[in-house]
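Chains as they are written, first to last, in my numbering: chain D, 1 to 259; chain F, 1 to 444.
Glycine included, C-beta positions come from ideal geometry on N, C-alpha and C.
Below is one structure, written out as structure tokens, with a few remarks after it.
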Amino acid sequence: MHPDEKKALRTSQLSVNYGKTPVLWDVTLSIPEGKLVGIVGPNGAGKSTFIKTVLGLIKPIAGKVDFFGKPLPEIRQKIAYVPQRETVDWDFPITAHDLVLMGRYGKIGILRRPRKADHAAADDYLDLVGMAAYRDRQISQLSGGQQQRIYFARALMQEPEVYFLDEPFAGIDISSETVLMDILRRLRTSGKTIFVVHHDLTTVESYFDWIILLNMRLIGYGEVSHVFNPEMLNAAYGKSYALFDEVLKLSRQKTTGME
Amino acid sequence: MDFTLFDYFTDPVLRAPTIGSMLMGLAAGLIGVVVYLRKESLLGETLSHAAFPGAIAGIFVASFLGFTEDITTLFMLLGAGITAFASIYLVNWLQVKVRVPSDAALCFVLAATFGVGITAASQMQFTHAAEYRRMLSLLYGQTATMTDFHIALYGILATSIIVILALLHKEVKIVAFDRNYAFSLGIPVKAIESIFFFLVVLAVIIGIRTVGVVLMSAMLIAPAVSARQFTNRLSTVFLLAGLFGICAGFIGNYLSLTLTHSFSSATTRVSIPTGPTIVLTAATLCLFALICAPERGLASRAWRIMLFRYRCLCENILKCIWRLSPEDGTLTQELVKYFNTSPSLVRLALHSLKRQGWIQNISHQVWRLTPDGKIKAEKIVRLHRLWEVYLADYLGVGAEKVHRNAEEMEHIITPELEEALTKLLKDPKTDPHHQPIPSKNPVL
């Protein structure tokens, strides 16, 4: 096997500008297959921009991206994106089932209608995320956590190799977070690669194998145990990090007793 | 002149305006759903105004070349289509290159193109009087002079809108709902959007002859807004919006003709214009939908809130009787004092509670809980106190503040929530005020 094929994602010298302001600067990294990867950094660090650029939604001013050694257009069907929940109008006249079904629209192809099998798959994935009972609900009648679950079920419908989730745990209930995390771990175990933009530093160590630490530029990436340390966090968060350090200590006390 | 409904579709003079307006309503209603869902209502307004200078140019060129009526119509629609479509690119260019905010860009293009159109039209006022009248009729529409040729033309345009929307239903849906996600699936978002703009332009050029450039955007939005009120299914929204468009087209025509006829006498001539009547009909339908739609309508929402308030009152009365004297009975007079609603409403609530079997009369105006009523009252008190415990223990709200909040929540908490609360709080026996919490099941 070619050595490139084991890398789920590689970016080289990726740079993005909004107008004339740089938002991402020279990001070069490679992530092996089968990892659960947290993308961590302060607000405005370019975390969402990073995944949007990797997914081809934003055009970089420089740099290259490939998945398993192939450029995005060749492998698009194997890559799923779960956007931030707030980016869509939840009052849109569709049901939970309709939303999940959208996951197959790319595969079905233009001018064709979803087949029976697609409908059945949508119901199966709704069930997997514990939302079968809400199949016919209009999507605004669901709670934030439930919306996030069906959003995720839609990505599962694509049956992809790589997932990108943009802040899936923002503003959702604990049980939804547990359900999602459980499925993410199972996906990882079956060899899928998952990227999660994540805000909550206290859960980083328990959730992820790898992290990408961003603040406009790449601060560091690698296994959590190597990267998630005070020096790196200080580099990423700067002055405001002192607060996070405090929180981090507190959380350690909670999970591992008095250190 | 008395016409039957049938005449509107067969009479050689009537049928063209009627069927033409209905086709316009159908086309605008259908594509309007997408415009509305994409929250681009201003787009229709800009496109219709931008179509005006093109239509004028078309008329001018056709008259210059000395073409017949029908060819002139074709030239007019073609010109309108070209400038409308070009305006989209102008708006886009302003947004991307000049960095004008989208609403400002739309308004600028609307005003600029319309200004050009009006100026160009008035230049012809004296030199080309006939063409000038024709141009002016595009402002508010003129159905009366429409011919079978228009029906055929509009029929083709409307059919192509239906066919394209049906074929691209799933793509249009996903691009309108979640553009970035559609892109990530590899759906040709830009192409779908171009087709969508093209369809809006088609609907607009059908519309400028019937309702005119000034009112056209209402025909895009009103049917869609009305349809959305009645259903949560996109396909049904499309169906209803098309239907409402057709209805507005027909009823507007019908009303304009009948009202003109009935208001006019031998001495005074009253003319109710068709275009504005169609738009008013669509707006009336829309108003009706906004107020009366079963789930989303204002009236039904108000009704639901009223019912909820009434249920709260009933439950509070039960609670009150339970607290005051579960066995001896409570006077109506005494109960009235506890509620700052009107006494007659309290009396009404008491009667319905009696009818439902929760309370009974011991003697005139003295009420006592039935055994069932006692269980129900205890259930309400239980929810109230459970919620107080939750607020105090889990959210750290001070014991003195929890009562007010619980007062509202006790009427909302569902059995599943009660179950979850009971589990979470480990079935507590007393609330933060050290009052006992009644048990979940009746004590045997």
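Of the residues assessed, Q142 of chain F falls on the buried side of the cut-off, its CB having 16 or more other CB atoms within 10 angstroms. For G69 of chain D, not one C-beta of chain F is nearer than 8 Å to its own C-beta. Residue environment analysis places K35 of chain D among the buried positions, since at least 16 neighbouring C-beta atoms fall within 10 angstroms of its C-beta. In summary, no residue of the segment 406-432 of chain F has a CB separated from any CB of chain D by less than 7 Å. The segment 89-105 of chain D makes no contact with the segment 20-37 of chain D, as fewer than three CB pairs between them are under 8 Å. In its chain, beyond the 5 residues on either side, V224 and F228 have a beta carbon closer than 7 Å to the beta carbon of E205 of chain D. Of all residues in the segment 176-195 of chain F, the ones placed with a Cβ closer than 7 Å to any Cβ belonging to chain D are F177, D178, N180, Y181, F183, S184, L185, G186 and I187, in chain order. With the criterion set as a beta carbon lying under 7 Å from some beta carbon of chain D, the members of the segment 209-231 of chain F are R228 and T231, in sequence order. Under the Cβ criterion of 8 Å, K97 of chain F is not counted among the residues facing chain D. Within the segment 155-228 of chain D, the complete beta strand (DSSP E) segments at least 3 residues long are 162-166, 193-197, 210-215 and 217-223, listed from N- to C-terminus. Separation of the CB atoms of T231 of chain F and G252 of chain F is rounded to 24 Å, and the pair is thereby denied contact status at 8 Å. Of the candidates D:F208, D:Y207 and D:L201, D:L201 places its Cα closest to the Cα of P230 of chain D.
Taking each of F:A57, F:S184, F:T73 and F:G398 in turn and checking the Cα distance to I75 of chain D, the smallest one comes out for F:S184.
Chain-ordered, the chain F residues with CB closer than 9 Å to the CB of R76 of chain D read S184, L185 and G186. DSSP assignment within the segment 244-295 of chain F yields the following whole alpha helix (DSSP H) runs of 4 residues or more, N-terminal first: 274-292. Contact residues of the segment 132-153 of chain D toward chain F are Q138 (C-beta to C-beta distance below 7 Å). Contact note: I174 of chain F reaches chain D through M102 and Y105, using a C-beta cutoff of 8 Å and chain order. For Y81 of chain D, the chain F residues whose C-beta falls within less than 9 Å of its own C-beta are N180, Y181, F183, S184 and L185, listed in chain order. In the three-state reduction of the DSSP assignment, T113 of chain F falls in the helix class.
Cβ-Cβ distances below 7 Å link I71 of chain F to A62 in the same chain, with the five nearest sequence neighbours on each side left out; the list follows chain order. Counting only Cβ-Cβ distances below 7 Å, P93 of chain D has contacts in chain F at R228, T231, N232, R233, L234 and V237, in chain order.
Closest by C-alpha distance to V197 of chain D, out of D:F50, D:D98 and D:G103, is D:F50. Inside the segment 30-71 of chain D, DSSP marks whole beta strand (DSSP E) runs of 3 or more residues at positions 36-40 and 62-66, from first to last along the chain.
Just so you know, the alpha carbons of S15 of chain D and R301 of chain F end up roughly 51 Å apart. Taking A248 of chain F as reference, the option from F:V402, F:L23 and F:E416 with the minimal CA-CA separation is F:L23.
The closest CA to that of L307 of chain F, considering only F:I412, F:L106, F:V35 and F:F52, is found on F:I412. Taking the Cα positions, P83 of chain D is about 20 Å away from N17 of chain D. Within chain F, not a single residue places a beta-carbon under 7 Å from that of T49 of chain D; the smallest gap is close to 12 Å.
For K376 of chain F, no CB of chain D lies under 8 Å from its own CB, so it is not counted at the interface with that chain.
V61 of chain F sits in a helix when the DSSP states are folded into three classes. Taking a Cβ-Cβ threshold of 8 Å, the residues of chain F close to L57 of chain D are N180, F183 and S184, in chain order. In terms of CA proximity to G207 of chain F, F:G275 leads the group F:A293, F:G275, F:L421 and F:S363. Residue ranges of uninterrupted alpha helix (DSSP H) with 4 or more members, entirely inside the segment 363-406 of chain F and ordered along the chain, are 371-394.
Spatial neighbours of E407 of chain F in its own chain (CB-CB distance under 8 Å, excluding positions within 5 residues in sequence) are listed in chain order as H384. In terms of CA proximity to Q158 of chain D, D:L101 leads the group D:I183, D:G145, D:L101 and D:K70.
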